[in-house]
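Input: a single structure, listed below in structure tokens.
Numbering (mature numbering (1 follows the signal peptide of the UniProt record, and there is no 0)), first residue to last: -27 to -1, 1 to 67.
What follows is the structure in structure tokens.
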């Protein structure tokens, strides 16, 4: 009888460990999809709007810390920019 109780306890403990491992693996976020070339073009356009490319070299020389902050801020703002989805034509009405 003791052997049965020990075996049941070991199996139960194993199930708890497996369930906990599955819960942790399921809780991990799904990585975002890679940007398409159209998305990358939209992100570049966003960065161009955020930054003055003509003034960037001078800003980098004058104050590298502010320059880095400006570029990082623009990159963060434009990271989630995606190209608009292509228009789906409406089905013909009969």
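Note that CB positions come from ideal geometry on N, CA and C, so glycine has one too.
Practice prompt. Could you tell me which uninterrupted alpha helix (DSSP H) segments, each at least 4 residues in length, are contained entirely in the stretch 7 to 48, listed from first to last along the chain?
Written response: 10 to 23, 29 to 35
Should residue 8 and residue 16 be called a contact, given that it needs their Cβ atoms to be closer than 8 angstroms?
Numbered from 1 along the chain shown, position 35 holds the residue referred to as residue 8. Numbered from 1 along the chain shown, position 43 holds the residue referred to as residue 16. Yes, the Cβ-Cβ distance between residue 8 and residue 16 is below 8 angstroms.
- Message: Cutting at 6 angstroms between CB atoms, please list the residues of its own chain near residue 33, excluding the five before and the five after it.
- Response: As a first step, residue 33 is located in the chain shown; it is residue number 60 there, counting from the start. Taken in chain order, the residues that qualify are 40.
Contact check, residue 45 vs residue 23, beta carbons under 8 angstroms:
Position 72 of the chain shown, counting from 1, holds the residue named residue 45. Position 50 of the chain shown, counting from 1, holds the residue named residue 23. It is not a contact, given that the beta carbons lie outside the stated cut-off.
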